[in-house]
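Worksheet for the structure shown next.
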Amino acid sequence: MAGRIDLLLGSIDLGTSKGLELGPLAKPVVTRGMGDVRYLDHIGTDALRARYATHAGFDVDSIVPIDYASGAGSICDAVGADAPFDYVIASHVIEHVPDLIRWLLDIRSVLGDGGVLALAIPDHRRCFDALRAPTTAADVIHANFTAATTPSPRQVFDHMASAVSWHGLISWEEEPPFAELVSVHSERAAIDRASEISGSDEYQDVHCWVFTPSSFVRLFASLLRLELVPFSLDSCSDPVGGEFFVRLRAADVSTATMVAAEPPADVDRMPSTASEHAALRAELAATRADRDDARDELDRTVGSRSWKLTRPLRAFNRALARIR
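Pasting the structure below:
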């Protein structure tokens with residue numbers, strides 16, 4: 004099996020190419036020893052090390068020196084005259100950006116013609132997002148039309164209310180049994196946090212978007228048909244562990260194509276299974292509660308009411324017995 008860097012970059016020659024990696028922190032995909040690569044984050048090296056100084060077991064000295072700090076501005080403004088680049092790497096970044104379309108346009112502006120955007124994306128079925136529904140074109144178009152700069156209260160609520168763990172882990176390399184997933188936050192905590200940020204400029208970092216390989220291909224195909232993104236889809240891998248890999252190639256909006264025309268072979272089992280299970284479990288719990296209430300009422304009634312009065316309740320009990 005191809006290594007992670009090969010799945011990300013394909014045939015790109017690191018020795019002759021100039022690259023930009025977004026948010027490398029302490030584990031860059033491409034190191035400086037491998038080629039001409041620059042690193043960008045939203046804050047600089049010292050600020051990152053200060054932020055992670057309180058994280059137990061994290062070696063802040065392992066954070067790579069950042070070349071560009073974008074702040075609240077654009078990638079294009081941050082890198083300035085150093086653009087264009089031959090490739091941009093974003094490993095587990097795309098799911099965090101509030102306006103996915105604007106972010107893609109920003110990256111396109113720093114890539115040369117034919118340049119590659121290499122994405123590593125978590126498969127939401129294999130992480131704490133397992134209960135969430137895949138992102139749709141309508142979701143990302145709405146964020147673009149409203150010029151989103153922070154995750155919305157809806158996204159914050161969905162992220163928190165749906166978050167699950169499996170045996171204490173928040174990511175895994177296989178699809179877990181639904182019954183073994185455990186909620187991380189209460190719905191009350193989720194709605195309280197969403198309420199706190201509603202109407203404010205506070206930035207609550209969450210997964211704004213969730214994907215499987217197939218759902219990403221379908222979403223991207225919609226964006227291409229609408230001529231909203233200036234990239235062709237070169238490739239999209241099946242899941243590898245808890246993630247999958249996408250290569251987009253810079254193009255004009257009018258000429259962008261789906262080179263990887265067929266969705267990956269993965270089957271979107273977990274989203275439908277999770278949502279169906281959630282609905283069925285809720286329905287089952289309600290049905291059991293109604294059944295128990297009916298049985299209690301029936302028990303109280305049988306000994307004290309006439310046959311005429313109890314007959315409808317007994318018919319109800321028989322109906323319940325048939326659906327158990």
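Our numbering applies: residue 4 is where the sequence shown begins, and numbers increase by one.
Beta carbons are placed, not taken as given, at the ideal position from N, Cα and C, and that holds for glycine.
Bear in mind the structure is a predicted one, so any value in this text is a computation, not a measurement.
Query, Result
"CB contact flag (Ser240, Arg252, <8 Å)", "no"
"Nearest-angstrom Cα separation, counted from Val113 out to Ser218", "27 Å"
"Beta-carbon proximity list for Gly38, same chain, < 7 Å, skipping 5 on both sides", "Leu17, Gly18, Ser20, Gly22"
"Phe234 - partner residues in DSSP beta bridges", "Ala253"
"For Val119, the nearest candidate out of Ser14, Val243, Pro154, Leu227 (CA to CA)", "Ser14"
"Under the three-state DSSP convention, the category Ile8 falls into", "helix"
"Any alpha helix (DSSP H) of 4 or more consecutive residues that is wholly inside the stretch 199–226", "none"
"Endpoints, alpha helix (DSSP H) assigned at Ala182", "Per DSSP, Ala182 belongs to no alpha helix (DSSP H) and is neither H nor E."
"Same chain, Cβ closer than 8 Å to Trp175, five either side skipped, listed in chain order", "Arg129, Cys130, Trp169, Gly245"
"Buried/exposed call for Thr153, threshold 16 Cβ in 10 Å", "buried"
"Buried/exposed call for Pro274, threshold 16 Cβ in 10 Å", "For Pro274, the predicted model reports a pLDDT of 42, less than 50, meaning its position is unreliable and no value from the coordinates is stated."
"DSSP three-state assignment for Pro125, whether helix, strand or coil", "strand"
"Cut-off 8 Å between Cβ atoms - residues of its own chain near Cys79, not counting five sequence neighbours on either side", "Ala86, Asp109, Ser112, Val113"
"Environment of Asp195 [buried if 16+ CB atoms lie within 10 Å]", "exposed"
"Whole alpha helix (DSSP H) elements within the stretch 115–169, 4-residue minimum", "140–148, 156–165"
"Closest residue to Phe223 among Ala56, Ile97, Ile200 (Cα-Cα distance)", "Ile97"
"Euclidean distance between Cα positions of Ala329 and Pro156", "The requested residue 329 is not part of the displayed model; the chain covers only 4 to 327."
"Element boundaries [alpha helix (DSSP H), containing Arg111]", "103–111"
"Whole alpha helix (DSSP H) elements within the stretch 28–115, 4-residue minimum", "48–55, 78–82, 103–111"
"Given Ala56 as reference, the closest of Ala29, Ile124, Gly36 once Cα atoms are compared", "Ala29"
"Exposure of Glu24, with buried meaning 16 or more beta-carbon neighbours within 10 Å", "buried"
"Rounded straight-line distance, which links the Cα of Leu122 to that of Ala264", "Confidence in Ala264 is poor, its pLDDT being 47 and thus under 50, which makes the residue's placement too unreliable to answer from."
"Cβ shell of Pro105 (< 7 Å), same chain only, five flanking positions each side left out", "The sequence as given places Arg at residue 105; Pro does not occur at that position. Hits under 7 Å: Asn147."
"Nonlocal neighbours in the same chain, by C-beta distance under 6 Å from Ile46, ignoring five residues either side", "Ala72"
"Boundaries of the beta strand (DSSP E) in which Leu25 is found, first to last residue", "21–25"
"Distance cut-off 7 Å: Phe148 Cβ against heavy atoms of the ligand FAD", "Annotation note on the ligand FAD: not contained in the displayed structure, which lists no ligands."
"C-beta atoms of His99 and His210 nearer than 8 Å", "yes"
"Sheet register partners of Glu246 (DSSP bridge)", "Pro125, Val243"
"Alpha-carbon spacing of Ser165 relative to Pro31, whole angstroms", "30 Å"
"Strand pairing of Leu172, partner residues [DSSP]", "Trp169"
"Length of the line joining the Cα atoms of Asp44 and Gly74", "8 Å"
"Beta-bridge pairing of Ser186 - partner residues as DSSP gives them", "Val167"
"Beta-carbon proximity of Arg135 to Asp161, cut-off 8 Å", "yes"
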